[in-house]
Structures are given as C-alpha cells and as structure tokens.
Amino acid sequence: MPSLNNANCRIYWRTDGNPELPSLVLSNSLGTDHTLWDPILDELLKHFYVVRYDTRGHGGSDAPAGDYTLNELTDDVQAVIAAARLTKYDFCGISLGGMTGMELAARRPTGLRRLILSNTGAEFPAGTWDQRMTAIKQGGMAAVVDGILGRFFTPEFVAKNSIGLQRVRNGVLTGAPQGYIGCCSAIRDMDLYPRLSQIQVPTLVIVGDSDQSTPLARGQALVERIKGAKLVTLPCAHIPPTEIPKQYVQTVMPFLLS
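By this note's numbering, the letter at position 120 of the sequence shown is numbered 156, and the numbering carries on one by one without gaps.
See the structure below:
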C-alpha cells in the first residue's frame, strides 16, 4: 500500500495507467474513499495517468482525532502530487475534493493545468456541520448514513439499491467517525470566497439539478468569481460518478482534452 507521511499523518495514495499519458489527480467527497472513482476509471485510463488518494480521515489514510483544516487537506494533496512526481496535471474534485481543489488552485502551483469543481461550494453555514458532528459523536456513522445517502443521490437512485449505492453505504458505515468529524470541521471553518479570484487556470464547475448539498446557486457563485469558469448542470444529485457515470465522463472528458 503506497503511502506518505505529511504532518505526522499517513496518507494513502495510488496511481493507475500509463505514466506517459497526461496526469489527472482525483479527490473524493466527504464520507468516501478513492474507490468513488471506480465506475469511471477505465474510461479515464484511456487518456490519463490517474492519481487517487484517500483524504485525511478516510479509507487507508490515518484519521487523527481533532479538527482538521482545509489548509491541512490541501497540504496533503500537494504532498501526494510531489510524491507522484507530477510536473503537469489536471485536478478533479467532488464535494470536499472540490473545496480542496479550490484552495490548491488559489495557491497557484506551477503544474496545475485545468480544474474541475464538481458538486461543491465555497462556504457553508456552521450550524449544519455542528449538528452532524454531534449526531456522529452520539450515534456513530449509523446515525447519519441514511441522511448522507439521501443527499448523495436522488430518491429514484436510492430506491434501486444498486451495487454502487451499497458500496457507498458500506464505505460510510465503516469509515472512521473521528475522520469524518475532522473533515466536517474543515468545511465548517472554511470560507473560500476570498480565494476564488486567485484561481487562474481553466475551470469547469459541475452541479446536479437534484443536489441538495450544493445546488445550482452554489455553482453559479463559483462561476461568478472564477475568471473564465464554465458551468454545466447534470441530471443527478451529489455524486455523479456513481449515479450517472457515463454522462459524467462525457461531460468532463471534452474539457480535460481541450
């Protein structure tokens, strides 16, 4: 299992594909690990050398107790990029991964070429996260899993109870509660709006028309503040690689290959 140590936290990461192809870094949402991207991985590997990692507090990465910050999460992905020896790369992040991508791009790293911000936002009400963190402290991940899935996916997709949904559910239930809570605090405490004007790379913002967590208005707020950013709306909720994998690939690929 490849891993690195950043600020005394072990971060799991992996690469797939041909290193001679252009590099693409993928960053997953809160409550998921790098396997979130499995439904679209084969299509991505036709064109990209793919780098995935588990966000601090998730999957194979350490889950230290206490609050995390978005700066820490961004430092982690920059450590992964350095360990993978990427000199030029594109970045695609969903939800929390998109928030990490915004801070990364605002730092203006020399190798970043294109940015996809999928189902994400720049700032959220603190009370929402405090309530969720309290529920997890009292009842574990089982206390919030149904609510999480209800935000991740449309009711129609949940009703099908597909293998993809079951995998996401199991991932949430087996995740480290302290890691989820730590990342909740990072989202609660961030405000990326002042950072967005620093983003200088071509940017695609993706929203789901049924996304309760990051609805259209949040995507529009990003496009208004990131110079030259484009907005696309898809028929899904919060996690399109699971819910509409083919359409998601058809959306991101033209941008990445442009």
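Even for Gly, the Cβ is constructed at its ideal location relative to N, Cα and C.
What's the C-alpha gap between residue i and residue j?
i             : j              : result
lysine 263    : isoleucine 235 : 7 Å
valine 103    : glycine 93     : First, the residue type needs correcting, since residue 103 is aspartate and not valine in the sequence shown. C-alpha separation (whole angstroms): 10 Å.
threonine 156 : valine 181     : 20 Å
valine 241    : glycine 176    : 33 Å
valine 268    : serine 249     : 16 Å
alanine 101   : leucine 40     : 19 Å
alanine 115   : cysteine 272   : 32 Å
leucine 57    : leucine 77     : 14 Å
proline 276   : tyrosine 284   : 6 Å
histidine 83  : leucine 293    : 8 Å
glutamine 202 : glutamine 286  : 24 Å
arginine 121  : tyrosine 48    : 16 Å
leucine 252   : serine 233     : 20 Å
What would DSSP say about residue i, mapped onto helix, strand or coil?
i                 : result
glycine 193       : The displayed chain sequence assigns phenylalanine, not glycine, to residue 193. Correct three-state label for phenylalanine 193: helix.
valine 116        : helix
serine 154        : strand
lysine 173        : helix
asparagine 41     : strand
valine 237        : coil
leucine 109       : helix
leucine 148       : strand
phenylalanine 84  : coil
glycine 102       : coil
phenylalanine 188 : helix
glycine 218       : helix
isoleucine 275    : coil
isoleucine 76     : helix
arginine 121      : coil
glycine 93        : coil
glycine 244       : strand
arginine 143      : coil
aspartate 227     : coil
threonine 51      : strand
Between which two residues does the beta strand (DSSP E) holding residue i run?
i           : result
leucine 267 : 266-270
leucine 62  : 59-63
Under DSSP, the alpha helix (DSSP H) around residue i begins and ends at which residues?
i              : result
glycine 129    : Element bounds for glycine 129: not the alpha helix (DSSP H) but the beta strand (DSSP E), 125-130.
methionine 289 : 281-292
alanine 253    : 252-261
arginine 205   : 199-210
Tell whether a beta-carbon distance below 8 Å holds between residue i and residue j.
i              : j             : result
leucine 72     : tyrosine 216  : no
alanine 257    : threonine 239 : no
isoleucine 117 : valine 61     : yes
serine 59      : tyrosine 89   : no
glutamate 159  : leucine 228   : yes
aspartate 98   : cysteine 45   : yes
Exercise. Between the stretch 143-154 and the stretch 162-171, do three or more beta carbon pairs fall short of 8 Å?
Worked result: The answer is no - the stretch 162-171 does not touch the stretch 143-154, with fewer than three Cβ pairs under 8 Å.
Exercise. Counting pairs of Cβ atoms below 8 Å between the stretch 216-230 and the stretch 80-93, do you hit three or more?
Worked result: Yes, they touch.
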